[in-house]
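Visitor: Take this structure first; my questions come after.
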Ligand code: CA2
């Protein structure tokens, strides 16, 4: 079992601002939590601020990963390219958002990635990543 965890733009700055929305933990702490949850499997954590780099990473996952956990951050609401890449590789995917995108601004309520993802986990903080990892592990 090999999982790819993808984080989109600005998530590397987690903890710097808006603690009321995203919590106080920083990106390093998120990576440590993920590493802990993936102790018994193979995994890779990838973060990029660039849409094309995320598309390239998803494409390169074909044949190499059994599951994807993705928080596309702002690209959630804009990126047909990321949606198409996920559809193209056909890897089981869970979408994660730290905040509850469904109870924030109108523009955050629509997610392109949700049109492909098996599951969307939102508003559970960093624990949402762990839930997504456990879901994909149980499925395999
Ligand atoms: O709730 C989420 O996880 C989001 O995917 C986070 C994105 C936002 O655009 C989505 O609508 C929901 C924003 C990520 C920004 O990350 C930072 C948070 C705090 C401090 C610095 C960066």
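Residue numbers (the working numbering): 677 to 816. Glycine included, every Cβ here is placed at the ideal spot set by N, Cα and C. Quick caveat: nothing in here was measured; it's all calculated off a predicted structure.
For residue 766, does the three-state DSSP call read helix, strand or coil?
Guide: coil
Visitor: Buried or exposed, going by whether 16 or more other CB atoms sit within 10 Å of the CB of residue 689?
Guide: exposed
Visitor: In whole angstroms, what separates the C-alpha of residue 752 from that of residue 708?
Guide: Approximately 24 Å between the Cα atoms of the pair.
Visitor: Report the residue from 722, 747, 780, 750 whose alpha carbon sits nearest the alpha carbon of residue 737.
Guide: Cα-wise, what sits closest to residue 737 is 722.
Visitor: Once DSSP output is grouped into helix, strand and coil, what is the label at residue 718?
Guide: strand
Visitor: Say whether the stretch 797-808 touches the stretch 716-736, bearing in mind that this needs 3 or more beta-carbon pairs closer than 8 Å, one atom from each stretch.
Guide: Under the Cβ criterion (8 Å, minimum of three pairs), the stretch 797-808 does not count as touching the stretch 716-736.
Visitor: Quickly, what does DSSP pair residue 747 with across the bridge? List them, please.
Guide: 683
Visitor: If contact is defined by three or more beta carbon pairs under 8 Å, each pair taking one atom from either stretch, is the stretch 785-796 in contact with the stretch 695-708?
Guide: no
Visitor: So, residue 734 versus residue 772, is the Cβ gap smaller than 8 Å?
Guide: no
Visitor: Say the cut is 7 Å; is the CB of residue 698 nearer than that to a heavy atom of the ligand CA2?
Guide: yes
Visitor: Pick out every residue whose C-beta is nearer than 6 Å to a heavy atom of the ligand CA2: which are they, in chain order?
Guide: For the ligand CA2, the residues with a Cβ under 6 Å from any of its heavy atoms are, in chain order, 686, 687, 689, 690, 692, 693, 694, 698, 747, 749, 750, 752, 773, 774, 775, 777, 784.
Visitor: On a Cα-Cα basis, can you pick out the residue from 763, 718, 754 that is closest to residue 685?
Guide: 754
Visitor: Mapping the DSSP letters down to three states, classify residue 726 as helix, strand or coil.
Guide: coil
Visitor: According to DSSP, is residue 711 helix, strand or coil?
Guide: The answer is helix: DSSP assigns residue 711 an H, G or I state.
Visitor: Sort out for me which residues DSSP pairs residue 789 with in a bridge.
Guide: Residue 789 is not bridged to any residue.
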